[in-house]
Every structure is written in structure tokens, then in C-alpha cells.
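Residue numbering for the sequence shown is 157 to 520, as defined by the working numbering.
Backbone N, C-alpha and C fix where the C-beta goes; we use that ideal spot for every residue, glycine too.
Worksheet for the structure shown next.
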Amino acid sequence: MTLFAIRDYRLLFAAQVIALFGTGLATVALGLLAYDLAGSNAAAVLATALTIKMVLYVVIAPIAAAYVDRLPRRAFLVGLDVMRMGVVVVLPFVTQVWQVYVLVGLLQAASAAFTPTFQAVIPDVVADEDDFTRALSASQVVGGVRTFARTRELRGVLALNFTVASAGSIVVVDTVNLVRDDLGGTQTTVAWMLAASGLGTLVVALVLPRVLDLLDSERPVMLFGASVLVAATVTTAVLAVTDTASTPLIATVWSAIGAGMAAIVTPTGRVIRRVTPAVDLPAAFAAQFSLSHAAWLLAYPIAGWVATSAGLDVAWPILATASLIGAVAAMVVWPAPDAHAAPARPSIDDEVLHAAACTCARVA
């Protein structure tokens, strides 16, 4: 039986796709709203809003996960979506920057509670493994961090989180000011530029599961994605320093960033499942959720606050350096597998990878 033959999964997947589409539109709207309210300081406003988002994700998600089994999940998910819809409806009436921060706080508090609940529902629908239905508690997050620390593959994933965040924050935070102020583009141009990054992510996320089935390890694909991100961020740094950016060139680089992010994010769940004992999987996934968001928490202020105060020609080289450090660290702590080593655990089903890959479209 395929995943889409399961009625409950079809409905859940459709709801998630619609929610991701809405989240993407809200991301574009937030950037344009920040520019309307703050002008040249839009990057700083976005960085603050997204930092609030990451703090709430890191704090609220483990708490929500700890209580997810005690709540009526369907009603809870619907209620959180209604809350998010209400925030988006109010956005056009915002007139002050502080109102943006309040609404982002409400929106991301709902999203932070939604994510672990959604993840806990999927195993109930598509599998019988009780390990996946347990709520994730704060102690599980700590245990998961310990698992990351002692497993070389997961140490590599941890390093790559910083490469992804460093590159992705350039797109998420700086696109609006770059397009409107430096390139002289319109609001439509901003939307198309963000769509270019999303298209790169989508294409790679769709074709990657079949590519991974031909390989013995996810490492080559993920390190290739890291090399793409390093090349892209170095390119942005050069463009900023030399002031030679153009709309077609930036669109190409943004697509490369989206593709590189997908090449790292899409196989991450597969790596975690392959190297982690079943009993430790909830803790490992909880740790990855918190650690990846912590990386974004560090990258957003650089992309926003540093860019606003010192310029893109300062912020982007810093982020390019951070991206390079993450990639090199991953290569060092995650060496190539021994050809004579025992076979790894069987990989998860392609369709499960496709289901997980849809979350990659959610730009931090």
C-alpha cells in the first residue's frame, strides 16, 4: 500500500501543502511589509522578527511535544491553523514595527506548537511503531544532543546546519532590501526572487530520493550541497564587495542556494534514522529540530543587523565564511564510510522521503 492510498495521510498531506503555501506567501508579505514600514532598515526589522521566531521555536516546540499525547490532535492542529490564519488576515492593517513583532510572535508560537504535533500524527497514520508516537520532552532533546555528540554522521549534520542557515539567511532576510534598494526592483521582483530559491529547493527535493537510493551513503550528496552553498555565498560576498549584482545573476545564485539547501535538508532525516537506534529516534529528531533552529538564530542577526549597520559587503562575507567553516567541519567530523564496514540499516521508503522533503520548502 502506498502512502497516498491512506485516506488520512492524503488529507494530512494536503493540509500540510496548503499550510506551506500559505507560509511561503506570508514570508513574502512579511518582507514587503517590513520594507514599507522601515525602508532601508527592513533587513534589521526582518532579522529581529525572525530571531523572535527562532527563539519561540527552540523554547515552545519541546514543551508542545511533551504534551502532544494529552491533546486532541485534530482539534489542536485545526485551532493552530485558525490562529495562524487570523494573524495573516491582520497583517495588512499593521502600521507600526512593534505590531509586526507581536504578530510574528503569535504566528510562530502557533507554528512551533504545530510542527511537533504534525510530526507525531504522521506515524499514527502510516506506521505502527510506538516509538514515533511518544511525545518529545525536554529530556529527550538533551538525550538527542548527546546522540549527536557521539555519532560522527550526526556531528556532520550539525555542522551542515550552520552552512544551511548561513546561506539561507541571506535569501530570507536580505532579498527585500537588495531588490528594492540596490537593484531597483518592484514588489513583484522580490516575490519572483524568493520563488527562484524555492524552485531550486523544489526540484532537488523531488529528484533526490531516487538519487540517494543509488548511493551507499548520504554524505556525497550532502557535501555536494554544502559545496554549492559555499560557492553561492562566496559569490554573493564578491558581488556585494564589488557592487556588481544584477537581477538575473542574483536569481541564479538564489536558485543555487535553494538547491544546495535541499541537497542537505532532504537527506537529513534519512541519516538520523539510519544511524540512530529506534528507541532514540524521537530524541534525535527533537535535537535536530532545536539545533538547526539554533543555527538560524545565529545567522539571522548577521544577515539583518550587521547588514543594516555595516552593509551587505560586511555581512555577506561573514556569512560566506560561516558557510565554509560548516562545510569543512562536516568533512572533517564525518569521514567517508569504510568500504569494508558492515551494511547500514535499510533506508526508509522513497515516499516517506518525499513526505519529509515537503518540509524543506519551509524556509526556516
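Per-residue DSSP class, three states only, for residue i
i, result
"isoleucine 162", "coil"
"glutamate 309", "helix"
"tryptophan 490", "coil"
"serine 267", "helix"
"leucine 395", "helix"
"alanine 401", "coil"
"serine 325", "helix"
"leucine 371", "coil"
"threonine 342", "coil"
"threonine 273", "helix"
"glycine 354", "helix"
"threonine 432", "coil"
"glycine 467", "coil"
"histidine 496", "With a pLDDT of only 45 at histidine 496, under the threshold of 50, the placement of this residue in the model should not be trusted; the figure read from the coordinates follows. The answer is coil: DSSP assigns histidine 496 none of H, G, I, E or B."
"alanine 175", "helix"
Inter-residue Cα distance where the pair is residue i and residue j
i, j, result
"leucine 247", "leucine 259", "8 Å"
"isoleucine 219", "threonine 422", "25 Å"
"valine 359", "leucine 370", "18 Å"
"alanine 522", "alanine 459", "In the structure displayed, the chain extends from 157 to 520; residue 522 sits before or after that span and is not available."
"alanine 265", "valine 277", "19 Å"
"valine 470", "alanine 434", "45 Å"
"leucine 227", "isoleucine 162", "23 Å"
"threonine 345", "alanine 351", "10 Å"
"glycine 261", "leucine 212", "7 Å"
"isoleucine 560", "leucine 475", "Since the displayed the chain opens at 157 and closes at 520, residue 560 lies outside it and no answer follows."
"aspartate 237", "valine 214", "20 Å"
"threonine 289", "valine 234", "Because the pLDDT of threonine 289 is 33, which lies under 50, any placement of that residue in the model is unreliable, and the number read from its coordinates should be weighed accordingly. Taking the straight line from one Cα to the other gives about 19 Å."
"alanine 305", "alanine 450", "16 Å"
"leucine 362", "alanine 415", "11 Å"
"aspartate 164", "arginine 308", "37 Å"
"glutamine 343", "isoleucine 174", "23 Å"
"alanine 198", "asparagine 317", "25 Å"
"threonine 477", "alanine 485", "12 Å"
"valine 245", "alanine 463", "30 Å"
"serine 446", "leucine 206", "15 Å"
"serine 448", "tyrosine 257", "22 Å"
"valine 367", "methionine 349", "27 Å"
"arginine 166", "alanine 182", "24 Å"
"leucine 437", "phenylalanine 270", "19 Å"
"leucine 168", "aspartate 399", "46 Å"
"methionine 210", "valine 201", "14 Å"
"leucine 364", "valine 488", "24 Å"
"proline 493", "alanine 382", "18 Å"
"phenylalanine 232", "threonine 357", "30 Å"
Residue i at chain C interface by Cβ criterion, 8 Å
i, result
"threonine 207", "In the structure shown, chain C cannot be found, because there is only a single protein chain."
Pair within 8 Å by beta-carbon distance, residue i and residue j
i, j, result
"alanine 455", "serine 322", "yes"
"threonine 273", "arginine 229", "yes"
"leucine 490", "arginine 311", "Sequence check: residue 490 is tryptophan here, not leucine. Going by C-beta atoms, tryptophan 490 is nearer than 8 Å to arginine 311."
"alanine 393", "proline 457", "no"
"leucine 385", "serine 479", "yes"
"leucine 339", "threonine 403", "yes"
"isoleucine 216", "alanine 268", "yes"
"tryptophan 452", "alanine 203", "no"
"alanine 171", "threonine 319", "no"
"isoleucine 413", "glycine 324", "yes"
"proline 194", "valine 253", "The identity of residue 194 in the sequence shown is alanine, whereas the question assumes proline. Cβ distance < 8 Å, so alanine 194 and valine 253 count as in contact."
"threonine 424", "valine 313", "yes"
"leucine 395", "alanine 387", "no"
"valine 332", "tyrosine 191", "yes"
"leucine 355", "serine 411", "yes"
"leucine 263", "valine 250", "no"
key: Whole runs of the alpha helix (DSSP H) within the region 177-265, excluding any shorter than 4 residues   = 198-223 and 229-246
ask   = At a cut of 8 Å, does the region 366-374 reach the region 422-435 through at least three beta carbon pairs?
value = yes
ask   = Between the region 181-197 and the region 323-335, do three or more beta carbon pairs fall short of 8 Å?
value = yes
request  = Decide yes or no for the touch test of the region 377-384 against the region 404-420: beta carbon pairs closer than 8 Å, at least 3 of them.
outcome  = yes
task = Would you check if the region 396-411 and the region 436-448 touch, i.e. whether three or more CB-CB distances between them fall below 8 Å?
result = no
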